[in-house]
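Chemist: Protein chains in written order, with our numbering: chain A, 1 to 229; chain B, 230 to 458.
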DNA sequence: ACTGTTTTTTAGCTTTGGCTAATTCTAAAT
DNA sequence: ATTTAGAATTAGCCAAAGCTAAAAAACAGT
Ligand SMILES: [Mn+2]
Ligand SMILES: [Mn+2]
Ligand SMILES: [Mn+2]
Ligand SMILES: [Mn+2]
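1) Under DSSP, the alpha helix (DSSP H) around residue 307 of chain B begins and ends at which residues?
2) Would DSSP call residue 166 of chain A helix, strand or coil?
3) Listed in chain order, which residues of the stretch 337-354 of chain B have Cβ atoms closer than 8 Å to some Cβ of chain A?
4) Return helix, strand or coil for residue 204 of chain A, following the three-state DSSP convention.
5) Could you check if residue 104 of chain A belongs to the surroundings of ligand 4, using beta carbon to heavy atom distance under 7 Å?
6) If you compare alpha carbons, which of B:401, B:405, B:426 and B:390 is closest to residue 414 of chain B?
7) At a CB-CB cut-off below 9 Å, which residues of chain A make contact with residue 325 of chain B?
8) Name, please, each residue of chain A whose Cβ falls closer than 7 Å to the Cβ of residue 334 of chain B.
9) Here's the rule I'm using: 16 or more other beta-carbon atoms within 10 Å means buried, otherwise exposed. How should residue 207 of chain A be labelled?
10) Report the residue from A:199, A:165, A:198 and A:195 whose alpha carbon sits nearest the alpha carbon of residue 187 of chain A.
11) Suppose the cutoff is 7 Å on Cβ atoms and the five residues either side in sequence are ignored; what does the same chain contact list for residue 253 of chain A look like?
12) Using CA atoms only, rank isn't needed, just tell me which of B:246, B:299, B:352 and B:241 is closest to residue 274 of chain B.
13) Do you know whose CA, among A:105, A:178 and A:54, lies nearest residue 134 of chain A's CA?
14) Just curious, the alpha helix (DSSP H) that residue 401 of chain B is in, first and last residue?
15) Closer than 8 Å by C-beta to residue 265 of chain B: which residues in its own chain qualify, once you throw out the five before and the five after it? Chain order, please.
16) Do you know how far the Cα of residue 75 of chain A is from the Cα of residue 21 of chain A?
17) Please determine, among B:302, B:317 and B:262, the residue with the shortest C-alpha to C-alpha distance to residue 248 of chain B.
18) Over what stretch of residues does the beta strand (DSSP E) that includes residue 187 of chain A continue unbroken?
19) Closer than 7 Å to a non-hydrogen atom of ligand 4 - does that hold for the CB of residue 12 of chain A?
20) Is the beta carbon of residue 212 of chain A sitting closer than 8 Å to the one on residue 157 of chain A?
21) Would a C-beta distance cut-off of 8 Å place residue 110 of chain A and residue 87 of chain A closer than the cut-off?
22) Would the stretch 304-313 of chain B and the stretch 336-356 of chain B be scored as touching if the rule is three or more Cβ pairs under 8 Å?
23) From residue 122 of chain A to residue 240 of chain B, what does the alpha carbon distance come to, in whole angstroms?
24) Cβ of residue 123 of chain A within 7 Å of any heavy atom in ligand 2?
25) Which of the three DSSP states, helix, strand or coil, is assigned to residue 330 of chain B?
26) Leaving out five residues before and five after residue 290 of chain B in sequence, what residues of the same chain have Cβ atoms less than 6 Å from its Cβ?
27) Excluding sequence positions up to five away, which residues of its chain have a Cβ less than 8 Å from the Cβ of residue 318 of chain B?
28) Classify residue 312 of chain B: buried if its beta carbon has 16 or more other beta carbons within 10 angstroms, exposed otherwise.
Right, dumping it as structure tokens:
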């Protein structure tokens with residue numbers, strides 16, 4: 001009796017590790033410590049999981065030098081990211097969640113839904129390209145838009161831009177930005193980017209100007225205008 | 230440091246056992262063998278889980294004599310049944326699943342969603358009282374409508390009834406009934422219930438009559454008319 | 001090249017939830 | 001009252017995923 005070809009799905013732990021490595025490993029390998037912190041797990045557990053992930057063919061791992069995704073690891077990561085972002089979109093747009101609440105729920109649901117569910121949900125949502133934080137949603141085939149947005153601290157004064165995403169771990173900062181109407185999709189004019197104190201001054205479509213200190217400006221990512229939100 | 234009072238949620242295994250015992254244990258206790266079959270698990274695993282469930286306070290268990298739910302076990306079971314039936318309703322009404330597909334997806338999602346999600350989904354769905362199979366959806370407080378429907382084989386000729394649910398393990402039978410428009414909510418007149426061959430003849434609201442052999446008639450449950458679907 | 005700090009790995013344990021095989025109990029039939 | 005078939009339990013495994021504490025490697029600074 002040959003092993004029938006069903007290849008049982010990866011556990012949610014495995015999925016979260018792969019996603020963490022993807023998130024971190026921008027360039028090069030993700031370190032044991034980084035992953036441990038990201039997942040609130042001991043470094044020892046990560047060491048252990050790195051060798052298991054390698055056996056599963058999801059990462060390449062050299063002892064003492066971190067892990068980086070293989071092609072099949074990247075595919076798995078993007079599958080989860082797609083689910084996660086679609087689910088967040090649904091929770092926000094149809095169930096009345098707010099931006100802060102969606103993540104925790106999506107973090108669990110991403111492991112429980114099937115591919116079939118995911119595609120029907122995408123259909124239901126009208127095949128959105130960005131999630132509520134402004135992050136691009138990977139396509140079914142694992143394609144992901146090349147990232148070309150920059151934090152406001154690196155924008156050029158005088159350009160017209162659109163907020164692509166807002167990213168910060170600190171809830172008060174997100175709340176403040178949301179209260180000011182600085183949310184993904186919003187078009188802005190960059191009036192001034194001041195080197196000496198990091199303050200960035202922008203004007204929104206209602207003509208209102210906002211002065212953002214460096215911590216705020218660093219959290220607001222923008223793309224030069226033209227493209228849709 | 231006292232154990233803070235968070236009481237981590239039950240695992241999905243524990244949940245499925247409790248639900249199985251609830252499903253079965255109509256009256257009295259559910260047997261090891263029944264539960265094992267229901268969950269596709271070995272009897273030894275069930276024996277083992279019965280003692281763990283008892284320690285968690287979810288069942289009462291007497292060695293060699295099955296397990297029955299405690300109050301807190303029943304609460305947990307009904308919480309899951311509520312989630313399950315709401316999720317099935319959503320999949321069917323909004324994501325374009327068909328009656329056959331919903332169950333498997335709901336069986337996984339019921340363990341992944343939060344109470345908050347469940348109540349927002351109920352809101353989104355307009356607080357339905359019945360799921361797509363016609364089964365009543367338990368209330369948040371664990372209340373469940375008393376079951377007062379009977380299979381067509383036990384209906385009285387001459388009464389006006391409404392289909393409450395359609396229940397059978399056989400897909401072709403369900404398909405046939407659905408194709409004939411005999412789905413939950415449909416009003417019918419019972420024209421004849423023939424003892425000798427078990428055939429039941431009904432007339433639907435379009436004046437069309439249907440003759441159902443015993444296997445079909447046994448699968449269609451009805452309530453005397455008046456009440457909503 | 002040495003030394004101290006930080007990071008990573010190893011060793012050894014734990015819990016959860018499965019399994020098979022062997023044993024024991026219950027209940028029905030003689 | 002025995003026997004026996006079927007159901008349930010026990011004993012002894014396993015894998016997944018976590019943990020702590022101890023050992024080892026890498027890295028940085030002198
Ligand atoms: Mn998120
Ligand atoms: Mn997750
Ligand atoms: Mn179901
Ligand atoms: Mn389930």
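All C-beta atoms in this analysis are idealised placements derived from N, C-alpha and C, irrespective of residue type, glycine included. Since this is a predicted model, take the numbers as computed values, not measurements.
Modeler: Answer, in terms of the structure:
1) It spans 300-323 - the alpha helix (DSSP H) in which residue 307 of chain B sits, taken as one unbroken run.
2) Shown here, residue 166 of chain A sits in a strand according to DSSP, grouped into three states.
3) Against chain A - using a Cβ distance shorter than 8 Å - the residues of the stretch 337-354 of chain B are 337, 338, 340, 341, 342, 343, 345, 346, 349, 350, 352 and 353.
4) Strand, per DSSP.
5) Residue 104 of chain A has its Cβ no nearer than 7 Å to any heavy atom of ligand 4.
6) Checked all of B:401, B:405, B:426 and B:390; the closest Cα to residue 414 of chain B is B:390.
7) For residue 325 of chain B, the chain A residues whose C-beta falls within less than 9 Å of its own C-beta are 120, 123 and 124, listed in chain order.
8) Within chain A, the residues near residue 334 of chain B are 114 and 117.
9) Counting of Cβ neighbours within 10 angstroms places residue 207 of chain A among the exposed residues, the total staying below 16.
10) Out of A:199, A:165, A:198 and A:195, the CA that lies nearest to the CA of residue 187 of chain A is found in A:165.
11) Lying outside 1 to 229, the shown extent of chain A, residue 253 of chain A is not represented and no answer is given.
12) Measuring from the Cα of residue 274 of chain B, the nearest candidate turns out to be B:246.
13) Restricting attention to A:105, A:178 and A:54, the CA atom closest to the CA of residue 134 of chain A is found in A:178.
14) Segment 400-408, the alpha helix (DSSP H) holding residue 401 of chain B.
15) Closer than 8 Å at Cβ, skipping near neighbours: 271, 272, 274 and 275.
16) Answer to the nearest angstrom: the Cα atoms are 12 Å apart.
17) Here the closest residue by C-alpha is B:302.
18) Per DSSP, residue 187 of chain A belongs to the beta strand (DSSP E) from 187-193.
19) Residue 12 of chain A Cβ: outside cutoff for every heavy atom of ligand 4.
20) Judged by beta-carbon spacing, residue 157 of chain A lies beyond the 8 Å limit of residue 212 of chain A, meaning their Cβ atoms are not closer than that value.
21) Using a Cβ distance threshold of 8 Å, residue 110 of chain A and residue 87 of chain A count as a contacting pair.
22) Judged by Cβ distances under 8 Å, the stretch 304-313 of chain B makes contact with the stretch 336-356 of chain B, as three or more pairs qualify.
23) So the alpha carbons of these two residues sit roughly 29 Å apart.
24) The answer is no for residue 123 of chain A.
25) Residue 330 of chain B falls in the coil class under three-state DSSP.
26) Cβ neighbours of residue 290 of chain B beyond the five flanking positions: 279, 283 and 296.
27) 354, 357, 360, 361 and 366, listed in sequence order.
28) It is buried - the Cβ of residue 312 of chain B has at least 16 other Cβ atoms within 10 Å.
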